[in-house]
Amino acid sequence: FDDPPGLHEKTEFLLREWVNMYHSPAAGRDSTKAFSAFVQQMHQQGILKTDDLITRFFRLCTEMCVDLCYRALSEQSSPTLIRAKCFHTLDAFVRLIALLVKHSGDSANTVTKINLLNKVLGIVAGVLLQDHEVRGTDFQQLPYHRIFIMLFIELNAPEHVLESINFQVLTAFCNTFHILRPAKAPGFAFAWLELISHRVFIGRMLAITPQQRGWSMYAQLLSDLFKFLAPFLRNANLDKPTQLLYKGTLRVLLVLLHDFPEFLCDFHYAFCDVIPPNCIQMRNLILSAFPRNMRLPDPFTPNLKVDMLPEIAMPPRIMTNFAKMIQPKGFKNDMDSYLTSRSPVTFLSELRSSLQISSEPGNRYNIPLINALVLYVGTQAITFIHSKGLQPSMSTIAHSSHMDIFQNLAVDLDTEGRYLFLNAIANQLRYPNSHTHYFSCTLLYLFAEANSEAIQEQITRVLLERLIVNRPHPWGLLITFIELIKNPSFKFWNHDFVHCAPEIEKLFESVARSCM
Amino acid sequence: PLQKEHLYQLAMLEAGFHHLPHPSDSERQRHYLPRNPCPTPTHYPQT
Amino acid sequence: MVTDQFGMVGLLTFIRAAETDPNLVALAPGIDLTTLGLNLNSPENLYSTFQSPWADAPCRPQDIDFHVPSEYLTNIFIRDKLAPIKLNRYGEDLLFFLFYMNGGDMLQLAAAAELYNRDWRYHKEERVWITRAPGMEPAIKTNTYERGTYYFFDAQNWRKVAKEFHLEYDKLEERPHLPPTLHHNPSPAAM
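Protein chains in written order, with the numbering used here: chain A, 1 to 516; chain B, 517 to 563; chain C, 564 to 754.
Following this line, the structure appears as structure tokens:
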């Protein structure tokens, strides 16, 4: 509001000037000659006098660039010509921003540079969100997409001054992309996914930045994407746009699985927390990841002695503080008390109600709490078993406060709660590690000790639905299912639910054939 | 069930679907040989 | 048995529904991920040539930007002096290069049309360009086929190879049709 009189005209003049200077052969290497002259003009016009004026200048420039693009997009012209027209101005604007950032303050002062970058990114994001709200379904992604990606590429050039601020640059962009996540700007979602999956962005975030400092920021962005897709996937509502976004997400996950499996390993818990339970293939993609230096034994090896593998003694890295997610504090304290001393005795009987949040269909259980509880209790159990100098096995996991909790949940929860609980266990069946081994034993133990066929049926359901989708399948899932169907002590094939319908029988036979 | 905001999101997603980003949107302008994508026969090499 | 959606019956119901509802197929049985245009057996990283979440193929080499010394960026100085692109001026080698390097692009069609003009024909089944060896008439010629010696363009080894061949006319592509407009050197527009 209340732009000073004449600022709009000055800004338009300056922007036109800059665009012409940028495209002139006399602009010099990386437009530096043109930039020196242009900064003088900006000073003369008083644009750089105050922070407020600089902010308004950038806002007006952004709006003018966007308006130009909308006018071009409304012309009856080929996409190639339209883009040429738009990029002619957008690319010049981006170069101006990059130069102002690089030359802001003296060369050693990184703070002013990053402050300016954050300011500009915030302005572009603000203009986008306002445009998105005002125009609604007429919103166009193009100008914003172009500004963000070209600015990112410019600011990741191999120059000394940029290398020294690179992590802050990445942080600034990630913050901006988080603000513009699909839930907030769904009309920008396709461009958003292009941005976060761009090869330069992925390279910087996951490969080049040392010590994996970009990983947690990238994981946040992926979580934003999953959270957006979740309601639609949960309702199996896959109209064409949603299917395309989903398929694009799968492509990106495949690239990550191929190039950065350790990233998926580290953040699997956070991702499984937000991926809906029926999104089986997408979840399997993440759970199938394993460290590149690991050689997985063939799960179909006859007489595979999983408990003899050295890897099962090693815990996987989990980058989420899942213990902190067990809320409220009183509940966590009671659980810790029960795990230590099996008191208070009321803990088990009250456990179910602690996990329920509403009676609203589809929203009755606190799924993140169930996931956290399962992993927490399981990791506590592993520590307890190790403290006795033992390894988890069907005998050592039994008769403990930890297994009390798991068995209580298996028995006491209704079918929906039990399904979610078993899913939480199955989400830990991954590559050979201590969690995979413990939870594999737990699932088999719950099957063997079940006091009702419904529990066995639901364990089977949770495993089977993860196996019948197209590949990949996590190693731990395979070895658990193979053990269930091969080990005669489970009497798997005697159960009615195995033979309840011809398709189900065929499914089991087909899966068993490939397993055996 | 889908909330009202989800229905809004679906409508906006569909609008975005009708003008998807183009790979050249993320590339430097090629003045001499810009991309000109068009359907080519399936028996032509595509990659 | 569990009779709601959380048991085997629930799974079966969903599988049956997915057989007829295409909206559900993506979730169960899921998508064959080997058909998404990514070489999952590649020993190289995939991200460095990842074109887009919506693309069925990786980047073409010419599409991957790289930071080069600014001295290499000469286009702005010479673009007005560059001759417009006219495929009929170029040698076969360049035409084949354009054809094979611009899949899914109008330039591929344009190169195919120019090769056709020069009596090369694209064999739809063999997926190869073929022309009669000069001065060598076919040994057998009917309404539907001929047999003789032809030059095949071997794109793997990048050379023409002479071979005896039984050529069925209906396997050859007709003249490629170009879209009405073909844009090169789009003029930059002022604001």
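Virtual Cβ for every residue (Gly too), placed ideally from N, Cα, C. Values in this document were obtained by computation on a predicted structure and should not be read as measured data.
At the level of alpha carbons, what is the spacing between residue i and residue j?
i: F190 of chain A; j: K119 of chain A; result: 24 Å
i: R352 of chain A; j: Y431 of chain A; result: 30 Å
i: I208 of chain A; j: S611 of chain C; result: 12 Å
i: G573 of chain C; j: L464 of chain A; result: 12 Å
i: R642 of chain C; j: Y548 of chain B; result: 8 Å
i: F662 of chain C; j: N235 of chain A; result: 45 Å
i: I468 of chain A; j: Y218 of chain A; result: 30 Å
i: E530 of chain B; j: W617 of chain C; result: 15 Å
i: I196 of chain A; j: I202 of chain A; result: 7 Å
i: M669 of chain C; j: R695 of chain C; result: 26 Å
i: H88 of chain A; j: Q562 of chain B; result: 30 Å
i: V101 of chain A; j: H23 of chain A; result: 20 Å
i: F508 of chain A; j: V255 of chain A; result: 31 Å
i: V565 of chain C; j: D496 of chain A; result: 11 Å
i: I479 of chain A; j: S440 of chain A; result: 8 Å
i: S750 of chain C; j: N321 of chain A; result: Reliability fails at S750 of chain C, whose pLDDT of 35 lies under 50, so the model's placement of it is uncertain and the value that follows must be treated cautiously. Straight-line Cα distance between these residues: approximately 56 Å.
i: Q391 of chain A; j: I149 of chain A; result: 51 Å
i: L14 of chain A; j: Q41 of chain A; result: 8 Å
i: W18 of chain A; j: I147 of chain A; result: 16 Å
i: V631 of chain C; j: I47 of chain A; result: 33 Å
i: L369 of chain A; j: L355 of chain A; result: 7 Å
i: H535 of chain B; j: L225 of chain A; result: 20 Å
i: T346 of chain A; j: T110 of chain A; result: 58 Å
i: T442 of chain A; j: L128 of chain A; result: 50 Å
i: D717 of chain C; j: M664 of chain C; result: 14 Å
i: D259 of chain A; j: G214 of chain A; result: 15 Å
For residue i, go through chain A and note every residue whose CB falls closer than 8 Å to its CB, in chain order.
i: H630 of chain C; result: A157, P158
i: Q562 of chain B; result: Correct list: empty, because the minimum Cβ distance to chain A is about 16 Å.
Mind listing the chain A neighbours of residue i? Cutoff is C-beta to C-beta under 7 Å, in chain order.
i: L565 of chain B; result: Because residue 565 of chain B is not part of the residues shown, which for chain B are 517 to 563, the question remains open.
Since residue i meets chain C, which of its residues come closer than 7 Å, beta carbon to beta carbon?
i: H258 of chain A; result: L603, L609
i: D30 of chain A; result: S633
i: Y540 of chain A; result: As displayed, chain A neither begins before 1 nor continues past 516, which places residue 540 of chain A out of reach and without an answer.
Does DSSP put residue i in a helix, a strand or coil?
i: Q356 of chain A; result: strand
i: L735 of chain C; result: strand
i: P488 of chain A; result: helix
i: P553 of chain B; result: strand
i: Y338 of chain A; result: helix
i: Y610 of chain C; result: helix
i: P749 of chain C; result: Per-residue confidence for P749 of chain C stands at a pLDDT of 37, beneath the threshold of 50, marking its modelled position as unreliable; the derived number appears in the next sentence. Residue state, collapsed to three classes: coil.
i: Y376 of chain A; result: helix
i: Y548 of chain B; result: coil
i: Y431 of chain A; result: coil
i: Y445 of chain A; result: helix
i: M754 of chain C; result: Any answer about M754 of chain C is weak, because its pLDDT of 26 lies below 50 and its placement is not dependable; what the coordinates show is given next. Three-state result, M754 of chain C: coil.
i: P743 of chain C; result: coil
i: Y365 of chain A; result: strand
i: E163 of chain A; result: helix
i: I79 of chain A; result: Per the sequence shown, the amino acid found at residue 79 of chain A is Pro instead of Ile. Three-state result, P79 of chain A: helix.
i: A501 of chain A; result: coil
i: C174 of chain A; result: helix
Identify the contact partners of residue i in chain C, using a Cβ-Cβ distance below 8 Å as the criterion.
i: P553 of chain B; result: G667, D668, M669
i: S197 of chain A; result: F613, S615, P616
Please list, in chain order, the chain C residues whose beta carbon lies closer than 9 Å to that of residue i.
i: A454 of chain A; result: M564, V565, G570
Run through chain B and tell me which residues come within less than 7 Å of residue i, C-beta to C-beta.
i: D307 of chain A; result: Under the 7 Å cutoff, chain B gives no residues; its nearest Cβ is about 46 Å from D307 of chain A.
Residue i touches chain B at which residues, Cβ-Cβ below 8 Å?
i: N20 of chain A; result: Near N20 of chain A there are no residues of chain B at all, since even the closest Cβ is about 16 Å away, more than 8 Å.
i: P742 of chain C; result: C554
What does residue i reach in chain B if we use C-beta pairs closer than 9 Å?
i: A191 of chain A; result: G532, L536, P537, D541
i: H145 of chain A; result: P537, D541, S542
Identify the contact partners of residue i in chain A, using a Cβ-Cβ distance below 9 Å as the criterion.
i: L599 of chain C; result: K247, L250, R251, L254
Near-chain F residues of the stretch 520-538 of chain B - C-beta to any C-beta below 9 Å: The structure shown has no chain F; the protein chains it does contain are A, B and C.
Beta strand (DSSP E) segments (min. 3 residues) lying fully within the stretch 647-732 of chain C: 684-686, 691-695, 708-717, 722-731
Within 8 Å of chain B by C-beta, residues of the stretch 343-376 of chain A in sequence order: P361, G362
Residues, ordered as in the chain, of the stretch 484-500 of chain A that lie near chain C by beta-carbon distance below 9 Å: D496, F497, V498, C500
Selection of the stretch 636-660 of chain C by Cβ proximity to chain A, strictly under 8 Å: I639, F640
Complete alpha helix (DSSP H) runs within the stretch 216-304 of chain A (minimum length 4 residues, chain order): 240-259, 261-266, 268-274, 280-287
Under 9 Å (Cβ pairs) to chain A, residues found in the stretch 693-724 of chain C: none
Contact residues within the stretch 450-478 of chain A, judged by C-beta distance below 8 Å to chain C: E453, A454, E457, Q458, T460, R461, L464, E465, I468, V469, N470, R471, P472
Near-chain B residues of the stretch 212-246 of chain A - C-beta to any C-beta below 8 Å: F228, P231, F232, N235, N237, D239, K240, P241, T242, L244, L245
Ordered list of beta strand (DSSP E) runs contained in the stretch 44-127 of chain A, each at least 3 residues: none
Where the stretch 404-416 of chain A meets chain C: residues whose CB sits under 7 Å from a CB there: T415, E416
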